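First the structure, in the form of structure tokens, and then the observations on it.
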Amino acid sequence: MPEFEPIVGRYFTMNVAGDACRIYMEESGRGLPLVCLHTAGADARQYRHLMCDRAITDHYRVIAFDLPWHGKSNPPVGWRDREYRLTTELYIETVRAFCRALGLERPAVMGCSMGGRVVLHLALNHPDEFRAVIALEGADRLEPYYDLDWLHRPDVHGGEVSAAFVSGQVAPQSPDESRWETLWMYTQGGPGVFKGDLHFYWYDGHFDDRSPRIDTTRCPVYLLSGEYDSSCTPERTAATASRIKGARATVMPGIGHFPMSENPALFRTHLLPVLDEIRR
Numbered sequence: 001m002p003e004f005e006p007i008v009g010r011y012f013t014m015n016v017a018g019d020a021c022r023i024y025m026e027e028s029g030r031g032l033p034l035v036c037l038h039t040a041g042a043d044a045r046q047y048r049h050l051m052c053d054r055a056i057t058d059h060y061r062v063i064a065f066d067l068p069w070h071g072k073s074n075p076p077v078g079w080r081d082r083e084y085r086l087t088t089e090l091y092i093e094t095v096r097a098f099c100r101a102l103g104l105e106r107p108a109v110m111g112c113s114m115g116g117r118v119v120l121h122l123a124l125n126h127p128d129e130f131r132a133v134i135a136l137e138g139a140d141r142l143e144p145y146y147d148l149d150w151l152h153r154p155d156v157h158g159g160e161v162s163a164a165f166v167s168g169q170v171a172p173q174s175p176d177e178s179r180w181e182t183l184w185m186y187t188q189g190g191p192g193v194f195k196g197d198l199h200f201y202w203y204d205g206h207f208d209d210r211s212p213r214i215d216t217t218r219c220p221v222y223l224l225s226g227e228y229d230s231s232c233t234p235e236r237t238a239a240t241a242s243r244i245k246g247a248r249a250t251v252m253p254g255i256g257h258f259p260m261s262e263n264p265a266l267f268r269t270h271l272l273p274v275l276d277e278i279r280r
């Protein structure tokens, strides 16, 4: 018999902003719920290493799901007649709808990149619903640095150009196998999905004028940033932390924009102390 991983995958349908969406999720472990949110243009496979780490799953029920339009989750019915564009309001509602559907009681939520941005919105707007938030490569304000039109053109392979755009965000020290596994997820993205995600990540998600209102006594905030991230740079993470009283910020040496997938062994050395503190 093969040696199966402890990850269990399943589907269910939930309502998101009036649309019935078929959602794919994976989970592993037992204990406090830890909901994990993937990066723009990718899917929940990014968290597979965490789900196989007994140091985490002995204490946490690790849950990751593909947003609608991503990975194995379906887009809404009639998707062909609409342009996918992720907004702050839609993203917040999707995460809250997922937690309600599973009946999760005050889960911790960890997100990376655009997921790292939205968890800060959750801490601001719904602090009592979450035990803590962990923002990986997340900041309250970012600036775009390339043309999004290249990400959805009939004469360009969207997946390959998306992977090319993010390839420079992986730290040079990251293992080659993990680097290419991370980029493979981007090559498989649906048409226009990465572009639609970046609407939230670069434009609609700014809230540096309101982030100082986050109350970390109600919802603790942890920010972890890779030193090789040139999108959400350590400087932008530090600036965000300076505006959120009580936020804990860490710069992770030797890591880029995708800590949980590009170098999981190194990333866990930074994550485990945070999870232990949340659990205590």
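Using my numbering, the final residue of the sequence shown is 280, and nothing's skipped along the way.
Built from N, CA and C at the ideal position, the CB exists for glycine as well.
None of these values were measured; they are calculated from a predicted model.
Alpha-carbon spacing of residue i relative to residue j, whole angstroms
| i | j | result |
| --- | --- | --- |
| P264 | M14 | 31 angstroms |
| K72 | E3 | 24 angstroms |
| D215 | D140 | 15 angstroms |
| R131 | D149 | 38 angstroms |
| C219 | R153 | 41 angstroms |
| H206 | D155 | 32 angstroms |
| E235 | T94 | 29 angstroms |
| N74 | F65 | 12 angstroms |
| G18 | V251 | 39 angstroms |
| L32 | L50 | 14 angstroms |
| L124 | T233 | 22 angstroms |
| V16 | A55 | 33 angstroms |
| A20 | W184 | 28 angstroms |
| V166 | M25 | 24 angstroms |
| L224 | L271 | 9 angstroms |
| D147 | V62 | 35 angstroms |
| L67 | I23 | 7 angstroms |
Buried or exposed (CB count within 10 angstroms, at least 16 for buried), residue i
| i | result |
| --- | --- |
| Y228 | buried |
| Y47 | buried |
| K195 | buried |
| F258 | buried |
| V8 | exposed |
| S242 | exposed |
| D276 | exposed |
| D53 | buried |
| H121 | buried |
| T217 | exposed |
| D43 | buried |
| F267 | buried |
Cβ shell of residue i (< 7 angstroms), same chain only, five flanking positions each side left out
| i | result |
| --- | --- |
| D197 | A40, G41, L86, M114 |
| G159 | Y186, T187, Q188, G189 |
| G256 | Q169, V170, A171, S174, G226, Y228, D229, E262 |
| V274 | I134, Y222 |
| P107 | P33, L34, V35, C99, F130, R131 |
| E5 | C52 |
Counterpart residues of residue i in DSSP-defined beta bridges
| i | result |
| --- | --- |
| I63 | E27, V35 |
| R54 | DSSP output for R54 lists no bridge partner at all. |
| F12 | I23 |
| S225 | V251 |
| V133 | V109, V221 |
Cβ of residue i within 9 angstroms of any chain D Cβ
| i | result |
| --- | --- |
| F207 | This model lacks chain D altogether, as it is built from one protein chain only. |
Close beta carbons around residue i, own chain, < 6 angstroms, minus the five adjacent residues each side
| i | result |
| --- | --- |
| Y201 | A40, M114 |
| G116 | A135, L136, E137, G138 |
| R248 | Y222 |
Proximal residues to residue i (C-beta, below 8 angstroms), its chain only, five neighbours per side dropped
| i | result |
| --- | --- |
| I92 | V118, H121, L122, N125, H126 |
| P212 | R243, I244, K245 |
Can you give, in chain order, each stretch of the beta strand (DSSP E) that sits fully within the segment 169-228 and has at least 3 residues?
-> For the beta strand (DSSP E) assignment, the uninterrupted runs of no fewer than 3 residues enclosed by the segment 169-228 are, from N- to C-terminal side, 221-226.
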